[in-house]
Amino acid sequence: MKKKQSIPLKLSSLIIGVFIVLFISYILITGVIIKSKNASDAENLTLVTAEQATLKMGERFKEASTALVTTKSMMENLRNNDDLYADDVIEMITSNLQNNEDIIGAGAVLERNSFEVDSIVDERYVDSQGRFIPYLWKEGQSIDITMLNDVDDREASAWYWIPKEQKRMTLVEPYPYEIDGQPVQMTTVAVPLIDARGNVFGALTADISIEFLNELVAADTPDGGYAAIISNAGELVTNSLGENGGSIESYSDVTWETVKQQTANGETVNRYAYSPYFKGDAYTIFKPMVLVGIEEKWVVQLILPESVILEQYNQIQMIAVISAILIIAIMTIISVWYIYKQLRPLKYLRASIEAAASGDLTKTIDPKYIKHDEIGTVTMAYNNMIEQTGGIIQTVQNSTNTLNNATTHVMNSFNEITASSVEVATAIDEIAQGTSKQSEDTEETNYRMMDLSDEIDSLSNISNNMDELSRQTQETISNGMNEVVSLREHNTKTNEMNKRIQQQMHALAADISNINHIIASIQGITEQTNLLALNASIEAARAGEHGKGFAVVAEEVRNLAEQSKKETEIIRETVAGILENSRQTVEVIDANAQLLDMQNASVQSTEQAFKNNGELTLSITTAIAKLQAQLENMLEHKNQATMAIQSISAISEQTAASAEEVSATAQSQQNELFNVSQAVMDVERTTKELQEAIQRFTLNKK
């Protein structure tokens, strides 16, 4: 038999498979959600960080620009009132330096005729074009003053020419500056001075130290990420690596021109792009610093690698995978153990079914292994079926034994009848021979009587011979009568024995009919078992995958019911054959009874003939005596003697014919008895076959 995978492993594999599919679906769905949530949180946090960094940087620049704007307003008012003096300008610049720690140096450019010089000292800061160009800077705790250089150099003094020509505030690109021998990153903020007529009469400038941006970048750099400050021209002001100068392309696969166009209006730029620095995709955000009145936009750049964004997601995925492996292992152990425990009764049911298939109906399932569930219901039904089937087969076996015993008795009776028939046939043959001889003697007497007239002289001798023949005839008739009496007695016994056989055969037919009813009952139980198996299969189908093992058991029960049905059908056909043979045997016995009745009539006729023959023989003896006594009257009585002898001859012929008829009847009866014997032997053989079929089953001894 092909080895099959066990049901516990199949069910466990199914459960684990469904769990894995559901768990993977859950992991994928939650993974997408968690991944999206982590990315969204990281992006929002990065955006908030960029906004905070921009606000911090803007606040520092705003302090310097506010001081310039305030000073600008004061100077413009003084100019409009023609009250702008050079020393007032120096005083206001000095105040800005003292009140703002980020302003390292400050200066002014006042066009000719836009100011008044009231001291010789102030004249030292007027250039050859009559412009007042003082520059003040912090030197330790003091403030020094000098003249601005290269004012006419448009590239070097863009802080002056842009406000002058474009009439707007400007923020120039960062540049290095040395303070106390230490290089410092600086930038310059400049504002135009415009009079009431809208003419530019100068510009104010403030040099601001941007070293604070290093601390700002260090504080706002995302964990595992990158931060940088980028100037309006795309120059790297500072970054989280402590670098300055260079371009942004080294850290992000984004061109500055693209970013500048989008941030010109103060918009925030964010995207995922490849980062050469992190060697992978990264979330990059560009947040511009917006200062009122300044078109130049410095940008805070934050880069957060996708690997950092998904770090928590990856950790969760790893934990989920490890948890899934542990859960699958635990579920496998528990499910296999539990399913095996639940299906354990099937092992005993299978062993009992296999034993029943081999003919052993004594092996049932111990009630301690039967549970109150579907399998337990099938098991109890199986036990009940085995008990009922065993009881029915036991009944059939008992009936078969009874039938076998009855057949044995019938065979014995038929043997006795056969022996009696042989004796009757022998006696009838002897009677027939004697009768034939008597007929011949009578015929000879008739011939003698016809020649009596010619042989009258030898009448004495003939008379003596006739006396002797008469005596022999008397003895023969006496023997014939004895044989007829014996034949009648044997025939009576044969009739009685035939009646007993007829009664036993009718009883045997009734027992066989009862066996047929029992077989019909077995077929009914088999059909009920088959119906039970069908119902069990339907219940298994309703149970779904968990009912597969139950469906297998139901199928085995159904197969056993089908096998029982086939075996019962064989028994039914065998019993039907026995019943048919019994019916034929009864018909043969009935026919034999009729023949025996005819034989009785023939025996009675033969007995009557022998009685008549005896009487005639006595008459012959008397006649011979008279013939001897009255020999002289022989001639007178010759005709009467001739007629008497002719009558004796006719009776002898009739007796011979009756004897032959009785012999033929006895032979026919013997043939019929042989047929009955063959029928009984067929019944006996069929009974043995039925016993052999039943002996395949092992039953409980009661």
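Just so we're aligned, residue 1 is where the sequence shown starts under UniProt numbering, counting upward by one.
Backbone N, C-alpha and C define an ideal beta-carbon position, used for all residues, glycine too.
Close CB contacts of N80 within its chain, under the 7 Å cut and outside five residues either way in sequence, are with D195, A196 (chain order). Here R131 is buried: its Cβ has 16 or more other Cβ atoms, across all protein chains shown, within 10 Å.
When DSSP states are grouped into helix, strand and coil, L310 belongs to the coil group. The three-state secondary structure of D144, taken from DSSP, is strand. For the pair L596 and T476, the CB atoms are not nearer than the 7 Å cut-off. Counted as a single uninterrupted DSSP element, the beta strand (DSSP E) harbouring S209 occupies residues 200 to 209. Listed in chain order, the alpha helix (DSSP H) elements of length 4 or more contained wholly in the region 252 to 320 are 256 to 263, 306 to 309. With a cut-off of 8 Å on Cβ pairs, the region 201 to 217 is in contact with the region 225 to 237, counting three or more such pairs. In the structure shown, the three-state DSSP call for I229 is strand. With respect to the 7 Å criterion, A551 and A533 are not classified as neighbours on the basis of their beta carbons.
If you look at A106, you'll find it isn't in any alpha helix (DSSP H); it sits in the beta strand (DSSP E) that goes 103 to 110. Spatial neighbours of Q312 in its own chain (CB-CB distance under 6 Å, excluding positions within 5 residues in sequence) are listed in chain order as N38.
In this structure, P345 lies away from T400, with their beta-carbon atoms at least 7 Å apart.
Looking from the CA of K10, the closest CA among H546, M681, N675, M643 belongs to H546. In the DSSP assignment, L213 falls within the unbroken alpha helix (DSSP H) covering 212 to 220. From the listed residues E689, A227, E423, the smallest Cα separation to L403 is found for E689.
In its chain, beyond the 5 residues on either side, L579, S582, R583, V586 have a beta carbon closer than 8 Å to the beta carbon of A509.
P134 is bridged by DSSP to M147. For T94, the uninterrupted alpha helix (DSSP H) segment begins and ends at 86 to 99.
V300 sits away from T46, with the two beta carbons spaced by 7 Å or more. Approximately 7 Å separates the beta-carbon atoms of N270 and E43; this is inside 8 Å, confirming the contact. Take the alpha-carbon of L560 and the one of V321: they are about 49 Å apart. For the options T526, E483, A329, M169, the alpha carbon positioned closest to that of Q604 is the one of E483.
Between the beta-carbon of K167 and that of P134 there is about 22 Å, and that puts the pair past the 8 Å contact cut. Counting C-beta atoms within 10 angstroms of its own C-beta, G202 has 16 or more neighbours from the protein chains shown and is therefore classed as buried. A direct Cα-to-Cα measurement between K56 and I143 gives close to 27 Å.
Secondary structure at P367: helix, using DSSP grouped into helix, strand and coil.
Pairing T187 with P174 gives a Cβ-Cβ distance under 7 Å. Here M169 is buried. Its C-beta has 16 or more other C-beta atoms within 10 Å. In this chain, Q166 is not harboured by any beta strand (DSSP E); it is covered by the alpha helix (DSSP H) spanning 158 to 166. Assignment of E173 by DSSP, reduced to helix, strand and coil, places it in the coil class. The criterion of a C-beta distance shorter than 7 Å is satisfied by A206 and A106. In the structure shown, E607 adopts helical secondary structure according to DSSP, grouped into three states. Closest option to F23, judged by alpha-carbon separation, among M331, M598, I339: M331.
Apart from the 5 residues on each side of it in sequence, N384 has no Cβ closer than 8 Å to any other Cβ in its chain.
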